[in-house]
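Here the sequence shown stands for residues -18 to -1, 1 to 410, numbered as in mature numbering (1 follows the signal peptide of the UniProt record, and there is no 0).
For glycine and all other residues, C-beta sits at the position ideal for the given N, C-alpha and C.
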Amino acid sequence: MFCLQLLYIYILITGVYGHVINKSGDETTLRRDISLLDLVKASKLPAQWNALESAQLVEGRVVLTPKTNTKGSIWLQDPFPIKDAFTVEWTFRSINFSGKSKGGMSFWVLDDTTQLDDKLYGGPNKFSGLQILIDNFSNYGPSVRGILNDGSQEFKQEDIYSNAFASCLMGYQDSAVPFTMRLSYSPKENHLLKLQIDNQVCFQTRKILLPQKNFRIGTSANNAGTEESFELLRIKLYDDILEKALEPNMKAMPQPKTVQKIINKDTGAQTMKEKDIFDTKKSDVSVLDIYKKIDQLEGKIIGNDVSTLLTSVDNAIEGQRKMNKHLDELLTQLKLFAHFENKDLLTKDDTIIPDNYKEFLNMNDKLGELLKEQESIRMEHRKNHGEITSTDVLNKLFLWMLPLIGVILLTAYHTYKIQQEISKTKLL
């Protein structure tokens, strides 16, 4: 019996030890020296942390806004070096108030050179780094937002929403159960920046590059004249990204949406219609301006659309090619027909037989003889010392040319008739 008890104790001890050993490596990267872990047992804040304004340690929690119209903050005294990846977990809650308020709670990861003040939700309004803001003053209700600044801008409360790069909805007010917010960043995971609340994804991005340098970690709050009490229960800092941050996003927190109430004027029935995000943004551009721009774009597109014209031209070219091919075939057939049926009129190269031009050649010879005869008369007259006037020469030439002109006209007419007969033969 005693042996069995020893065996049971051994198994129990081994199981507990094995459970500790088999835990994930997240605990090995926990910075216990600067984390706020066991505030319940603490009578004052650790020396590594500074409480500013109204912040105070009360019964195991840091109350940032203990009374109406107060603000407070808590900051890690020494810089937190980020050499590679890191994770910060805040456990917090808000009690004693629920509703719209200009107050809020901010979680800061800032350059260690940032000058601290309490102008923006109990923290600095001009900073270099990352701010995670929780408030309930926007049109979407209580929400969480991420804001970046490089130190060049001095933010006001009304500038926060327009400068946020991501957000999600979160009903945090007057909750007895605290929330755990986990901010993770890892260059090894393609610069993954991820925010989770109770293991649900609020937002994540890979477009933010945080430098490897010293940062200042802190939390601030301002209840803006209400009794809202912002409380901080725990802060954990890790030198690496946690395994839970690398798990697939199975659960996502809701994103802001705007709905429009539609009332039927006849029946009075009410329906809710979700509006597009662009319908909720204020803009100087009216719907009419948008329609005009669309109309201009449409006109330019239609004006530049030559695809229809190109298609018509291509079709016309193709039709002309087919027609030319058909005409070539017809001409070939006509040439063969004319060659066999009119051999006496055509030669092999489809020209008129040269015998039909013999009359022109004879006229040319006669004209040459006439000119020779005229030249001999002129020479004979010169020998006799006579003179021939230009008028006499022209009159004699005109008389000699009349028969020649008549013969040329008759020959041209005869040739024209022959060509007409050839054309008729080809058409037949």
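| Query | Result |
| --- | --- |
| From I142 to I199, what distance separates their C-alpha atoms? | 20 Å |
| Taking the alpha carbon of P106 as the point to measure from, which residue in N118, Q135, L219 has its own alpha carbon closest? | Q135 |
| Which residue's Cα is closest to the Cα of N51: E210, E355, S25, Q242? | E210 |
| Using the Cβ count rule (16 or more neighbours within 10 Å means buried), how would you classify A394? | exposed |
| Any chance the stretch 61 to 75 sits against the stretch 212 to 227, with 3 or more Cβ pairs inside 8 Å? | yes |
| Compare the C-alpha of K189 against each of N172, A203, Q178 and name the closest. | N172 |
| Can a CB atom of chain D be found closer than 7 Å to the CB of I199? | Reference to chain D is not applicable here, since this structure consists of a single protein chain. |
| Use the C-beta contact count for G128: other C-beta atoms within 10 angstroms, 16 or more gives buried, fewer gives exposed. | buried |
| Would you decide whether T47 is buried or exposed? Buried here means 16 or more other CB atoms lie within 10 Å of its CB. | buried |
| Are K53 and E35 closer than 7 Å when you measure CB to CB? | yes |
| Please report the Cβ distance between residue 411 and R164, rounded to the nearest whole angstrom; I am assuming they are in contact, meaning their Cβ atoms lie under 8 Å. | The structure shown does not extend to residue 411, since the chain is modelled only from -18 to 410, so the question has no answer here. |
| Could you tell me whether the Cβ atoms of L112 and L130 are closer together than 7 Å? | yes |
| Taking F147 and P61 to be in contact with their CB atoms under 8 Å, please state how far apart those CB atoms are, rounded to whole angstroms. | Actually they are not in contact, since the Cβ atoms of F147 and P61 sit about 25 Å apart, beyond 8 Å. |
| With a threshold of 16 other CB atoms inside 10 Å of the CB of P230, please say whether the residue is buried or exposed. | exposed |
| Over the uninterrupted beta strand (DSSP E) stretch that includes L39, give me the two end residues. | 38 to 40 |
| In the DSSP assignment, what are the bridge partners of I114? | F89, G128 |
| Pairing CB atoms from the stretch 112 to 123 with CB atoms from the stretch 70 to 90, are three or more of them under 8 Å? | yes |
| In this structure, how does DSSP classify V44 when only helix, strand and coil are distinguished? | strand |
| Pull up the CB-CB distance for D156 and S76, whole angstroms please, since I reckon it's below 8 Å. | 7 Å |
| Would you list the residues sitting across from T201 in a DSSP beta bridge? | I56, F89 |
| Counting along the chain, where does the alpha helix (DSSP H) carrying E225 start and finish? | 225 to 228 |
| For a test of the three-state rule: what should DSSP assign to M305, helix, strand or coil? | helix |
| So, are the CB atoms of T69 and S202 less than 7 Å apart? | no |
| Look at the alpha carbon of E355 and the alpha carbon of M383, and state the distance between them as a whole number of angstroms. | 14 Å |
| For F260, which residues from the same chain have a beta carbon less than 8 Å from its beta carbon, with the 5 sequence-adjacent residues on both sides left out? | With a pLDDT of 47 at F260, under the threshold of 50, the modelled position of that residue is not reliable, and no figure is offered here. |
| With burial defined as no fewer than 16 other Cβ atoms inside 10 Å of the residue's Cβ, what is the status of N297: buried or exposed? | exposed |
| Does the distance from the C-beta atom of T162 to that of T73 stay below 7 Å? | yes |
| Per the DSSP calculation, V183 is bridged to which residue(s)? | Q178, A234 |
| Taking buried to mean at least 16 other C-beta atoms within 10 Å of its own C-beta, is I272 buried or exposed? | exposed |
| Excluding the 5 residues flanking L175 on each side, which residues of the same chain have their C-beta closer than 6 Å to its C-beta? | Y167, T187, I190 |
| By Cβ distance, which residues of its chain are closer than 6 Å to K255, with the 5 residues on each side in sequence left out? | Q242, I244 |
| So, at 6 Å on beta carbons, what are the nonlocal neighbours of V126 in its own chain, with the 5 sequence-adjacent residues on each side left out? | I116, C150, M152, C184 |
| Do you know offhand how far T95's Cα is from Q237's? | 34 Å |
| On the three-state DSSP scale, how would you describe A298? | helix |
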